[in-house]
Every structure is written in structure tokens, then in C-alpha cells.
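Protein chains in written order, with this note's numbering: chain A, 266 to 502; chain C, 266 to 502. Ideal placement from N, C-alpha and C gives every residue a C-beta, glycine not left out. Notes follow once the structure below has been shown.
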DNA sequence: GCATATTTGTCCGTATGTATA
DNA sequence: CTATACATACGGACAAATATG
């Protein structure tokens with residue numbers, strides 16, 4: 266019933282690449298690695314060794330290195346010259362910047378969403394999904410729904426480039442989530458707040474919804490920073 | 266007095282990589298290629314051939330391919346499976362999205378800049394530089410100053426991630442500039458408008474400055490779209 | 001539509017340099 | 001300081017896909 270702990274990143278990836286795509290091998294390798302990182306199967310800070318990964322995925326080291334370059338530009342891994350690539354560890358500074366960016370860009374998204382019934386309906390469905398997931402204790406799904414909710418806000422801006430940036434930003438946020446154990450405490454409070462925001466939107470109370478959004482973002486940042494501090498304290502005594 | 270036309274991307278790059286850095290060879294190769302693209306020495310649509318580039322830069326094909334993967338993630342080049350990599354050609358759709366994004370994010374930047382004398386001073390210096398460059402007919406520098414001006418606005422938001430996105434966005438914009446011949450018509454009108462914006466900021470008229478910024482962005486978009494249409498008409502008769 | 005040449009995609013072996021135990 | 005493990009980079013090889021005549 267418990268999740269299987271991976272003994273090494275290579276173990277976690279063994280035999281899990283589906284080679285039947287329409288993309289190049291290095292892109293598929295990147296996809297496989299990316300998936301395992303965002304799923305938390307490879308923890309932040311872990312080193313990705315070329316040889317082990319190449320063996321696990323059944324590809325050459327050159328191919329793996331090409332995948333590394335792409336993932337490095339995405340910000341998921343960090344390339345250290347002559348030392349290798351490591352899964353990014355988001356710092357306190359990163360979290361602060363991420364939430365500064367969210368506080369800057371999500372309110373305009375919410376105001377854009379306010380004028381669109383279709384978007385509001387989508388938000389409602391996402392929150393409903395989060396509520397049922399929370400009822401069954403599926404906190405991973407609750408976290409995914411939370412991200413989907415706020416991604417939808419940004420999506421309402423109709424900016425492809427902004428969406429791309431937020432995809433990366435949320436991927437980094439998942440990296441921060443990954444080092445925090447208590448998934449319930451991390452995600453539970455925000456189901457209610459997203460529901461509240463949606464109700465306000467349905468009622469046309471846009472300003473109040475923005476206020477709620479701002480409080481949400483400040484509280485979430487504080488909580489993650491606190492958890493991050495705790496993690497650092499335990500892992501580096 | 267005229268710029269030397271490169272016969273091929275490989276010719277343009279020959280012997281121009283400085284190998285004495287603290288970064289990997291593939292990163293230096295990427296830097297060299299990136300520089301030549303943003304400088305307009307390699308035109309949008311041009312294909313970058315692995316073997317030719319490898320020979321020109323004196324590196325192996327594998328190294329070039331690693332550089333390609335990074336540049337591809339940056340959006341400067343496009344990787345087409347089994348066909349190769351090409352310098353990105355920004356489409357009408359791209360330009361529309363770029364300006365939608367700018368109209369969304371630069372006004373908050375301007376409001377943030379309004380409260381900071383240091384930022385306003387920096388903007389003033391940039392415009393002054395643009396004015397002297399315009400006086401000597403150095404339209405390339407005028408264009409660079411224009412981008413620096415608006416980059417400074419975004420910079421005032423203090424968001425690293427937002428800055429990174431705008432760096433990419435402006436790099437794409439340079440790609441659009443590259444296909445337009447009349448550099449003077451492209452950049453001259455905006456020196457005055459940036460000056461006007463700065464004057465308004467110095468006087469504390471933030472709302473008026475925002476209005477001017479919005480008009481700037483709408484006019485610039487219209488002009489680039491018009492020029493892009495003209496280019497497509499002439500290159501594809 | 002076909003045969004050919006070119007280019008990319010991928011793999012392998014190897015030599016060199018760097019960081020760390 | 002030496003030894004080891006690993007990343008870096010090269011060059012050659014071949015298959016597969018694409019472009020060319």
C-alpha cells in the first residue's frame with residue numbers, strides 16, 4: 266500500500282520509456298525523465314548519471330546528454346560543469362520569486378476569467394474534482410487540481426507565452442512540493458479557498474475574489490517557506 | 266559601407282568562437298550561434314547544418330547537436346525531425362501574441378517604475394542614448410535602446426522569471442525586426458514616444474504614461490504586422 | 001514514380017580532463 | 001597526493017529519412 270521508494274534515479278526509470286512515438290529518442294528520453302521528476306519519483310538534489318540513465322532507458326549517452334540540455338533550459342535540472350546534472354532544488358529565493366510573479370500575474374487572469382462563463386464553469390469543475398479527491402484522501406490529485414485551477418486563471422489571459430512561463434513555474438513549484446512530506450496539510454486548506462473564489466466569481470464579486478486570491482498566495486508562500494525551512498533543518502543538522 | 270552578406274550560416278560563423286571560457290564547448294557554440302542570429306547575420310528561415318557548423322566552429326557534430334537542443338528550448342531555432350534546425354520565423358500569430366503579452370505586463374512594470382527614482386533615471390539615460398544614436402543615423406542602436414527601455418519597465422517588477430520570459434520575447438521580436446529592411450521607419454517614431462513616457466513619469470503623471478504606453482504598443486504591433494505582410498508578399502510572389 | 005545523394009538520428013569506442021574520496 | 005569515477009568531447013560508423021535529379 267505504500268509507494269515504492271526508488272533506490273536510484275536509474276532504477277526508477279528502468280524500462281519505462283515507450284519508444285513508439287513520433288518524436289526523436291532524445292525527446293522521449295527527456296519526456297521520461299521529466300515525468301519522473303514532476304511525479305516526485307526522482308527527488309530534488311538527486312544526480313542523474315549519464316551511464317546509468319542511458320542503460321536504464323536503453324539509449325546512448327549522447328542521446329541522454331541531448332535530453333539533459335533541453336531539461337536544463339526548462340529549469341528542471343541543473344547542469345554543473347564537469348560534475349553532472351542534478352534535479353533542481355528550489356531555494357527560498359526561488360519560492361519568493363515564484364510567488365511574487367504569481368501575485369503579479371494571476372489577478373489580471375482572474376479579472377479576465379470573470380467575464381467568461383465558460384472559464385468560470387471550468388474552474389467550478391476543477392474545484393468540484395478537488396473536493397471529491399479530498400474526500401477520498403487523494404492529496405496528490407488535490408495538489409494537481411490546485412495547480413490546474415490557477416493555471417486556468419493565467420490561461421484566461423490568452424497569452425501563449427505567459428502560459429508557457431507558468432507551466433515552467435508550476436513545474437518548479439511541484440519540485441518544492443516534492444520535498445514536503447505532509448501532502449494533506451500542504452493542499453487541504455486551499456480547496457476551500459478556491460471554492461470561495463469560484464463562488465465569488467459566480468456572484469460577480471470580482472474585487473472580493475481578487476482579495477481572496479491575494480490572501481491565498483501570501484498564505485501559500487508562507488506555508489511553503491516554512492516547510493522548506495523545516496526540511497533544510499532536518500536534512501542538514 | 267554596406268554590411269557583408271553571408272553566403273551561408275556556416276560562412277558567417279567561421280572562426281568566430283572564442284574557446285577560452287568557463288563554460289562547456291556546446292554552450293560556447295550555442296552562444297556563438299545565438300549571437301549571429303540576434304545580430305541578424307543568419308536570417309530567419311535559414312537552415313543550420315550540423316556538419317557545416319561543426320566544421321566552422323571546430324567542434325564535433327555531437328557538440329553542435331547539444332547546442333541545438335538548448336537553442337531550440339529558447340525558441341530561437343526550430344527543430345524539425347529528420348529535416349534539421351532552422352532559425353525561427355515569427356508568424357503573424359506570434360507577433361500578435363507577443364504584443365498581447367506586452368500590453369498585459371508592461372503597464373504594471375511602468376507603475377512599479379513610477380515609484381523609483383533610480384529606475385526613472387535609468388530610463389532617461391536610455392532614451393538620451395537613443396536620441397544621440399538617432400541623430401547619427403545608427404538605427405540598430407536605436408532599436409537596441411528601445412528594447413532596453415521596455416526591458417527596464419519589466420525589470421521594475423522584480424520578478425526574475427518574468428524577466429527571463431521577456432528576454433526570450435524580445436529575442437523573438439528581434440527575429441521579426443531582422444526580416445524588415447527599413448530600420449529607420451521601424452525604430453525612429455518610438456524614440457519620441459519613449460521620451461514622452463519618461464517626461465510623464467518624471468512629472469508623476471502615471472496614468473497618462475500608461476495611456477501612452479498602450480498606444481505605443483498598439484501602433485508598434487500594427488507597424489510590424491504591416492511590414493511582415495509586405496515581406497511575405499515580396500518573398501513569396 | 002524511381003534511383004541516388006545528402007543529411008539527420010543514433011550508437012559506439014576512446015582519449016582527456018576534472019572533481020572527489 | 002594518488003586513485004577512481006565521472007563528465008566532456010571527439011571521430012567514426014551505419015540506419016533511416018529526406019531531398020534531388
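Contact with chain C by residue i, beta-carbon distance below 8 Å
i: residue 473 (chain A); result: no
i: residue 286 (chain A); result: Legend: pLDDT at residue 286 (chain A) = 47, less than 50; position of this residue unreliable, value from coordinates given subsequently. No, because no Cβ of chain C sits closer than 8 Å to the Cβ of residue 286 (chain A).
i: residue 462 (chain A); result: no
i: residue 441 (chain A); result: no
i: residue 479 (chain A); result: no
i: residue 335 (chain A); result: yes
i: residue 369 (chain A); result: yes
i: residue 505 (chain A); result: In the structure as shown, chain A starts at 266 and stops at 502, and residue 505 (chain A) therefore has no counterpart that could be examined.
i: residue 381 (chain A); result: no
i: residue 459 (chain A); result: no
i: residue 331 (chain A); result: yes
i: residue 363 (chain A); result: yes
i: residue 325 (chain A); result: no
i: residue 417 (chain A); result: no
i: residue 493 (chain A); result: no
i: residue 406 (chain A); result: no
i: residue 427 (chain A); result: yes
Assigned exposure category for residue i - 16 Cβ within 10 Å defines buried
i: residue 372 (chain A); result: buried
i: residue 383 (chain A); result: exposed
i: residue 484 (chain A); result: exposed
i: residue 482 (chain A); result: buried
i: residue 357 (chain C); result: exposed
i: residue 438 (chain C); result: buried
i: residue 411 (chain A); result: buried
i: residue 381 (chain C); result: exposed
i: residue 316 (chain A); result: exposed
i: residue 291 (chain A); result: buried
i: residue 493 (chain C); result: buried
i: residue 322 (chain C); result: buried
i: residue 348 (chain A); result: exposed
Chain-order list of residues whose beta-carbon lies under 7 Å from that of residue i (same chain, five-residue window excluded)
i: residue 434 (chain C); result: 363 and 366
i: residue 295 (chain C); result: 332, 335 and 336
i: residue 405 (chain C); result: 448
i: residue 442 (chain A); result: 408 and 451
i: residue 416 (chain C); result: 431 and 435
i: residue 377 (chain A); result: 421 and 422
i: residue 489 (chain C); result: 360 and 441
8 Å Cβ shell around residue i - same chain, five flanking residues per side excluded
i: residue 414 (chain C); result: 388, 391, 392, 395 and 459
i: residue 375 (chain C); result: 418, 421, 462, 466, 471, 474, 475 and 478
i: residue 319 (chain C); result: 325, 326, 328 and 329
i: residue 339 (chain C); result: 299, 433 and 436
i: residue 353 (chain C); result: 309, 340, 341, 342, 343, 437 and 440
i: residue 370 (chain A); result: 419, 422, 427 and 431
i: residue 453 (chain C); result: 399, 404 and 407
i: residue 528 (chain C); result: Residue 528 (chain C) is absent from the model: chain C starts at 266 and stops at 502.
i: residue 503 (chain C); result: The structure shown does not extend to residue 503 (chain C), since chain C is modelled only from 266 to 502, so the question has no answer here.
Any C-beta of chain A under 8 Å from that of residue i
i: residue 366 (chain C); result: yes
i: residue 280 (chain C); result: Confidence at residue 280 (chain C) is low in this model, with a pLDDT of 48, below 50, so the placement of that residue should be treated as unreliable; the coordinate-derived value is given next. Not an interface residue.
i: residue 424 (chain C); result: yes
i: residue 339 (chain C); result: yes
i: residue 388 (chain C); result: no
i: residue 354 (chain C); result: no
i: residue 482 (chain C); result: no
i: residue 434 (chain C); result: yes
i: residue 346 (chain C); result: yes
Sequence-distant residues of the same chain with beta carbon closer than 6 Å to residue i, five excluded per side
i: residue 368 (chain A); result: 482
i: residue 455 (chain A); result: 411
Residue i Cβ short of 7 Å to the ligand MN heavy atom set
i: residue 434 (chain A); result: What this structure holds is no ligand at all, so the ligand MN is not there to describe.
Next item on the list: Can you check the segment 285-347 of chain A for any alpha helix (DSSP H) of at least 4 residues that lies completely inside it and give the ranges in chain order?
Entry: Entirely contained in the segment 285-347 of chain A, the alpha helix (DSSP H) runs reaching 4 residues are, in chain order, 290-303, 315-322 and 326-339.
Self-check item: Three or more C-beta pairs below 8 Å linking the segment 447-456 of chain A and the segment 419-429 of chain A
Solution: No, the segment 447-456 of chain A does not touch the segment 419-429 of chain A.
Notebook entry, point to check: Using 8 Å as the threshold, is the segment 472-481 of chain A in touch with the segment 335-350 of chain A, meaning 3 or more CB pairs across them?
Noted result: Touching, no, given that fewer than three Cβ pairs across the two stretches are closer than 8 Å.
Quiz prompt | Segment contact, 8 Å Cβ cut-off, at least three pairs: the segment 455-469 of chain A with the segment 315-329 of chain A | solution = Taking 8 Å as the limit for Cβ pairs, the verdict is that the segment 315-329 of chain A does not touch the segment 455-469 of chain A.
Quick one: which unbroken alpha helix (DSSP H) runs of 4-plus residues sit fully inside the segment 355-387 of chain C? Chain order, please. If we require 4 residues or more, the alpha helix (DSSP H) runs fully inside the segment 355-387 of chain C come out as 357-379.
Which complete alpha helix (DSSP H) runs does the segment 457-501 of chain C hold, if anything under 4 residues is left out?
Taking only runs of at least 4 residues, the alpha helix (DSSP H) segments lying wholly in the segment 457-501 of chain C are 471-500.
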